[in-house]
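Presented below is the structure to which this report refers.
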Ligand code: F6R
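In the UniProt record's numbering, the protein residues as written are 245 to 608.
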């Protein structure tokens, strides 16, 4: 059932090119995006004044990414909320608010409760869900399915990647309908999206380099992930992937926050994974990297293929292929998933079933 792979997590990582394609293609009609299941007219899309993205764990992390993409492309204010917080904090849900609940299982108790709360308060609720016919899929006003197929490993990989795709498609659709991007620009973004499956495949095939590197860190005590902008969102996911399966303490920080406390934790040899895929933030990131390096950190950088400059300040560099600045999380996540996976394997952990965790959290 693992199809020749050692673990479900490994199999599911390798299924990502297909999962991304299967989630993308049904919504592409030539150089346009059609999301019939959204059930919204262009007029309704133009009437949205605010979006809440509500989810837990990794699904929440895709919401953090989506905030940057929605706000950047469609210029709609987005709030991202943990479902366990949203449901109890009496959120301000005014007219014109669209609530998007993101969930692989469609059964997460807090996410389902948040959905019910939003509906009771009169909001339109869109579910981005992987499991067909699940509670969230049934109760949402509309459902956009991610077509990742069954995900068995507790740590999400392919469902995460397809959630990002669903969110990019929505952001582009909204941006186009609201006149923020024209036909030609939309066609360009679509071409970039279509590059992702083969680029993900390339990164997966380069696993050896990461495996070798990961083996050096199986005894690590703490690992820090840093990034700015959309790279902060991927740092959150990279950190969770590592800690949940390898039990190594890790934290993600917006790189500019380091000097507000975290930097005191950096010691000789502490691993800092720095993600820098946003050209306009390269310089700022490099100075953050130099700051931690001066305190003894060992720096793993994940950056775009053309940013060789980074080799001056990083100790080890993983390059991702060039794509649109809004879609780089889909690529940067691959080496981070592989890193978590190989560290956990190196330590002899049960990667598919980490201690204390359940695949679907149906109690709060
Ligand atoms: C992490 C992970 C969890 C889930 C979270 C939400 O690898 O899998 O953080 O993302 O429990 O689950 P769903 O998406 O089923 O609502």
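Glycine included, each C-beta is placed from N, C-alpha and C at the ideal position.
query: Under the criterion of a Cβ to heavy atom distance below 6 Å, does residue 347 qualify as lining the ligand F6R?
result: True, at least one ligand heavy atom lies under 6 Å from that Cβ.
With C-beta atoms as the reference, is residue 544 less than 7 Å away from residue 517?
yes
Residue 495, DSSP secondary structure in three states:
strand
If we count the other Cβ atoms within 10 Å of its Cβ and call it buried at 16 or more, is residue 504 buried or exposed? Label assigned to residue 504: exposed.
Which term fits residue 402, buried or exposed, when burial requires 16 or more other beta carbons within 10 angstroms of its beta carbon?
Counting Cβ neighbours within 10 Å, residue 402 comes out buried, since at least 16 surround it.
**OP:** Report back the beta-carbon spacing between residue 424 and residue 319 to the nearest angstrom; my notes put them in contact at under 8 Å.
**Re:** 6 Å
message = For the pair the segment 373 to 388 and the segment 305 to 321, tell me if three or more CB-CB distances fall below 8 Å.
response = no
Review point. Would the beta-carbon of residue 605 be found less than 6 Å away from any heavy atom of the ligand F6R?
Key: Yes, Cβ of residue 605 sits closer than 6 Å to a heavy atom of the ligand F6R.
Within 6 Å: the Cβ of residue 378 and any heavy atom of the ligand F6R?
no
Inter-stretch contact (C-beta, 8 Å, three-pair minimum) for the segment 573 to 581 and the segment 371 to 383: no
Q.
Report the CB separation of residue 474 from residue 522 in whole angstroms; it is logged as a contact under 8 Å.
A. 6 Å
### Task
Verify the contact flag: residue 302, CB atom, against every heavy atom of the ligand F6R, threshold strictly below 6 Å.
yes
> Is there at least one non-hydrogen atom of the ligand F6R closer than 6 Å to the beta-carbon of residue 399?
Replying inline: yes
- Message: Let me check understanding here. Comparing Cα to Cα, which of 323, 597 and 283 lies closest to residue 311?
- Response: 323
So residue 459 is in the beta strand (DSSP E); what residue range does that whole segment cover? Residue 459 -> not in any beta strand (DSSP E); alpha helix (DSSP H) instead, spanning 451 to 459.
Are the beta-carbon atoms of residue 595 and residue 257 separated by less than 7 Å? Going by C-beta atoms, residue 595 is not nearer than 7 Å to residue 257.
For the alpha helix (DSSP H) containing residue 406, list its first residue and its last residue.
402 to 421
Exercise. Which term fits residue 220, buried or exposed, when burial requires 16 or more other beta carbons within 10 angstroms of its beta carbon?
Worked result: Only positions 245 to 608 of the chain appear in the structure, and residue 220 is not among them; the question remains open.
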